[in-house]
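Residue 53 is where the sequence shown starts when you use the numbering used here, and the numbers rise one by one after that. Glycine included, C-beta positions come from ideal geometry on N, C-alpha and C. Given the structure is predicted, the values throughout are model-derived calculations rather than measurements. Each remark here refers to the structure printed beneath this line.
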Amino acid sequence: MVRVPLTPEERQRGERFGALLRQARGERSMIEVAAAAGLSAETLRKIETGRAPTPAFFTVAALAAALGLSLDELAATCAEGPNAAAEFRRAG
């Protein structure tokens, strides 16, 4: 099976997701957050740096739970850019 290359938009979404995770992690170590989510620190590092821009749903859900993030807000922020979360909150 051949993997289809990611579009520039998919790469940017992955970068936004990684930045959001780093911000939400705050002072917590990567190892602490990865363990809480049931992931390896290397997997979290790849996601945070954009090297793994399309993680599986259950990986995203585990990270959201470990960081206290809402899946809805996380999706809104990552899908459309930095202003999307504010627009999502106003619409909800």
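Any idea what DSSP makes of residue 93, helix, strand or coil?
Along the sequence shown, one-based indexing puts residue 93 at 41. Correct three-state label for residue 93: helix.
Closer than 6 Å by C-beta to residue 107: which residues in its own chain qualify, once you throw out the five before and the five after it? Chain order, please.
The residue you call residue 107 lines up with position 55 of the sequence shown. So the list reads 99, once near-sequence residues are dropped.
Helix, strand or coil: how does DSSP classify residue 83 here?
Start at 1 with the first residue of the sequence shown, and residue 83 comes out as number 31. When secondary structure is reduced to three states using DSSP, residue 83 falls in the helix class.
Which residues in the same chain as residue 123 place their Cβ atom closer than 6 Å to its Cβ, once the five residues preceding and following it in sequence are excluded?
As a working note, residue 123 is residue 71 in the sequence shown. Taken in chain order, the residues that qualify are 116.
Beta carbon of residue 70, beta carbon of residue 101: below 8 Å?
In the sequence shown, the residue the question calls residue 70 occupies position 18. In the sequence shown, the residue the question calls residue 101 occupies position 49. In this structure, residue 101 lies closer than 8 Å to residue 70 by Cβ.
Residue range of the alpha helix (DSSP H) that residue 60 falls in?
Here residue 60 is taken as the residue at index 8 of the sequence shown, counted from 1. Run containing residue 60: 60 to 77, per the alpha helix (DSSP H) assignment.
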